[in-house]
Amino acid sequence: MTPAGSSRQKSCNACVRSKRRCDKHTPACSNCTKKRYPCVYGNRLQMHSSANSADVPLGMESLGDSPSTPGDGFMLEDGASSGAFDINLGLSPNTIFQIDGNFESLLNSTLETAYDQTPEQMELQRQDISIASATTKTLTLQDYARIMPVCEEFTPWQLADPSSNVAYAMNVFKNFHVAFSRDNSTIYMHRSLYVSDTPRCVLQAFSVCVLYTNQTPATRGYVLRVLHEHVTSLVETVSGAALTPRDKLARVHAMIVYQTIRMFDGDIRLGQQAEDDLPLLEAWTNDLGKIRDNLDDLAEMEASEIRSKPPESWERWIFAETIRRTYIISSVLKAFWELLKGRDTPTDMGIWRYAHRWTLSKHLWDATDPIDFFRAWKEKPIWIISSFCLDEFLRTGTRDDVDDFALVFLTMYFGINEMKMFCYETSRRLPT
Numbered sequence: 041m042t043p044a045g046s047s048r049q050k051s052c053n054a055c056v057r058s059k060r061r062c063d064k065h066t067p068a069c070s071n072c073t074k075k076r077y078p079c080v081y082g083n084r085l086q087m088h089s090s091a092n093s094a095d096v097p098l099g100m101e102s103l104g105d106s107p108s109t110p111g112d113g114f115m116l117e118d119g120a121s122s123g124a125f126d127i128n129l130g131l132s133p134n135t136i137f138q139i140d141g142n143f144e145s146l147l148n149s150t151l152e153t154a155y156d157q158t159p160e161q162m163e164l165q166r167q168d169i170s171i172a173s174a175t176t177k178t179l180t181l182q183d184y185a186r187i188m189p190v191c192e193e194f195t196p197w198q199l200a201d202p203s204s205n206v207a208y209a210m211n212v213f214k215n216f217h218v219a220f221s222r223d224n225s226t227i228y229m230h231r232s233l234y235v236s237d238t239p240r241c242v243l244q245a246f247s248v249c250v251l252y253t254n255q256t257p258a259t260r261g262y263v264l265r266v267l268h269e270h271v272t273s274l275v276e277t278v279s280g281a282a283l284t285p286r287d288k289l290a291r292v293h294a295m296i297v298y299q300t301i302r303m304f305d306g307d308i309r310l311g312q313q314a315e316d317d318l319p320l321l322e323a324w325t326n327d328l329g330k331i332r333d334n335l336d337d338l339a340e341m342e343a344s345e346i347r348s349k350p351p352e353s354w355e356r357w358i359f360a361e362t363i364r365r366t367y368i369i370s371s372v373l374k375a376f377w378e379l380l381k382g383r384d385t386p387t388d389m390g391i392w393r394y395a396h397r398w399t400l401s402k403h404l405w406d407a408t409d410p411i412d413f414f415r416a417w418k419e420k421p422i423w424i425i426s427s428f429c430l431d432e433f434l435r436t437g438t439r440d441d442v443d444d445f446a447l448v449f450l451t452m453y454f455g456i457n458e459m460k461m462f463c464y465e466t467s468r469r470l471p472t
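Here our numbering is used: the first residue of the sequence shown is 41, the next is one more, and so on.
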C-alpha cells in the first residue's frame, strides 16, 4: 500500500513525460541509457512537521493556487505568472522539515554511468562546460543532454498539457508582449535600458504590445493594422542602415515582440508573416553576437576574483547583460518555432556549437540604482552560466538568487515540479 501523501509515480520522469514503459532500473533505466537522457527518479517531496507526524504531500493540490497576473515569469497556466516568487506559505517558524530527495541528489543522478563516463569525465561535466572563448570552444549534443529531451520527445499534444516543458515554454513566449506592456521590461530587456532617449522602434513596439494586450473583437482589425505598419516601418528604416550598437539591440527587441505576437496569435496569416521575417531576425541577432561581451574572462575566475573585477558602470553592465540575454532568447525562439513546425535539428548544431554566457543573479538584475548594484556585486552570489550548464548554481544557489530569466531555463532544464521542489526546499516558498 502506498503511504499517505507519497507519490504513486514509480517510473522515471523522462518515461512519464514520453509515456514509455520504464523498467525502473537504477541509476538509470534502459530507455534513458539508450537515448543518453538524464534519468531522474523522484517526482516526490515529503514534509514532516513537528506538529503532525503524518506525511503531508507537497504539490499544487495541497497548497492551492494563488491569484497572479499575466507576465513572462514562472507560468503554470496560460497567462499565470509569478513575477517575483511572492508566495509565502505562512508556516510556523518551529516547523521541522525533512526533504525526501534534494537537488544535489537530482544533480548526481544526471551524472551517473548511464553516460558511460569515467569518474574524471563525470567531474568535468559537473563543472562549467565552457572556459574557452565562444568562438573556439566547440560543443556537442551531450553538452545539452539535459535540455535536449524537450526537443527530442516533443509531440503536438504536449502543448495542451500545462505540466509539460513545451507548454511552459509556449506560455513564456506568448506573454512577452504582456510583460513589456505592463512593466516596460521583459526577462531579457532591462527596465532601465531605455529610460532616456528611447529608440523610436522600441516606442512603436511598446504601443503595439499595449494595443494587442488590450484588444477587443471590435478593435482587433485596427490593432493588426498598427502591428503590420510598425513591422513594415521597422524593416524599412533599420535594415542596411549604419546603426549604433544600441540601435542594433533595439531593433531585435522590437522584432522579438512582433514575432511572438504573430507566431502565437493563432491566425495563419500572421504565422506566415512571422515565418517570412525569421531570417531577418536571425541576421540581426547574429549582428548582436558580433558586439556581445561573452564573459570569456570571468568564466575562468573563481567567485572571489569576479567580485574584485566589477564592471565600469551599472549602465554598461545593463547594456552588456541585456545583449547576452537577448541573443539567447532570440536564438531559442527560432529553435522553438522550428520545433513546432516539425523541422529536424541541423546536424552541425549551428550557433549551439559554441558557449553562450549570461549572469545569473537576481540581485544584480533587479538592482534599481548603481549603489544597489555595486553593493550586490560585492556581497551577493554571482554565477556565470555557460550554455545552460546550471550545476554549480544548483549546488550553492537558492530561489532568492533566481531572476525570471534564470527561472525559465532552470524549469526547461529540470521541469516544473522539480523547480517547485527546489524553490520550496531553499526558501519554503513556491512559485505560482
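Even glycine gets a Cβ: it sits at the ideal position worked out from N, Cα and C.
- Nearest in C-alpha terms to S467, of all of T451, L199, D223, V442, is V442.
- Taking 4 residues as the minimum length, the alpha helix (DSSP H) runs contained wholly in the stretch 382-429 are 402-405, 410-419, in order along the chain.
- For the pair K214 and H293, the Cα-to-Cα distance works out to about 15 Å.
- Annotation: L233 is outside any alpha helix (DSSP H) and is labelled neither H nor E by DSSP.
- Around the beta carbon of P257, a 10 Å sphere encloses fewer than 16 other beta carbons of the protein chains shown; the residue is thus reported as exposed.
- Here DSSP, grouped into helix, strand and coil, assigns I301 to helix.
- Within a 10 Å sphere around the beta-carbon of P350 sit fewer than 16 other beta-carbons, which makes this residue exposed.
- Restricting attention to R383, R332, N205, D336, the CA atom closest to the CA of Y367 is found in R332.
- Comparing alpha-carbon positions, the option among K460, Y453, D444 lying closest to T226 turns out to be D444.
- In this structure A339 is buried. Its beta-carbon is surrounded by 16 or more other beta-carbon atoms within 10 angstroms.
- The residues R302, in chain order, have a CB closer than 6 Å to that of Q313 in the same chain once the five nearest residues on each side in sequence are set aside.
- Taking all protein chains shown into account, I308 has fewer than 16 neighbouring C-beta atoms within 10 Å of its C-beta and is therefore exposed.
- With fewer than 16 other Cβ atoms inside 10 Å of its own Cβ, K330 counts as exposed.
- Contact check for I425 against R383 fails: the beta carbons are separated by 8 Å or more.
- Following the DSSP letters along the chain, one finds K214 inside the alpha helix (DSSP H) bounded by residues 205-214.
- Going by DSSP, N334 is part of no alpha helix (DSSP H) at all; its letter is neither H nor E.
- For H270, the secondary structure class from DSSP, reduced to helix, strand or coil, is helix.
- Each of S371, C55, L380, S427 was checked against the Cα of Y453, and the nearest Cα belongs to S427.
- Per DSSP, reduced to three states, the secondary structure at K288 is helical.
- With 16 or more neighbouring CB atoms inside 10 Å of its own CB, D336 falls in the buried class.
- Where W377 is concerned, the enclosing alpha helix (DSSP H) starts and stops at 354-380.
- Put simply, of W324, V275, R435 the residue whose alpha carbon is nearest the alpha carbon of L289 is W324.
- By the C-beta density criterion, V235 is exposed, having fewer than 16 other C-beta atoms within 10 angstroms.
- Rounded to whole angstroms, the separation of the alpha carbons of N211 and E315 is 19 Å.
- Buried is the label assigned to W357, since at least 16 other Cβ atoms lie within 10 Å of its Cβ.
- Under the three-state reduction of DSSP output, F246 falls in the helix class.
- C-alpha of D440 to C-alpha of I363: approximately 24 Å in a straight line.
- An exposed status is given to E342, since fewer than 16 other beta-carbon atoms sit within 10 Å of its beta-carbon.
- Burial is judged here by how many other beta carbons sit within 10 angstroms of a residue's own beta carbon; W417 has at least 16 and is buried.
- For T451, the uninterrupted alpha helix (DSSP H) segment begins and ends at 444-454.
- Secondary structure of K64 (DSSP, three-state): coil.
- Shown here for S348: not one same chain residue has a beta carbon closer than 7 Å to its own, the five before and five after excluded.
- Assigned with DSSP and collapsed to three states, S70 falls in helix.
- Sorting W354, P67, M389 by C-alpha distance to the C-alpha of F414 places W354 at the top.
- Of the residues G437, Y228, D409, R61, the one whose Cα lies closest to the Cα of I422 is G437.
- Apart from sequence neighbours up to five positions away, the residues of its chain that approach Q244 with a beta-carbon distance below 8 Å are H270, S273, L274, A294, ordered along the chain.
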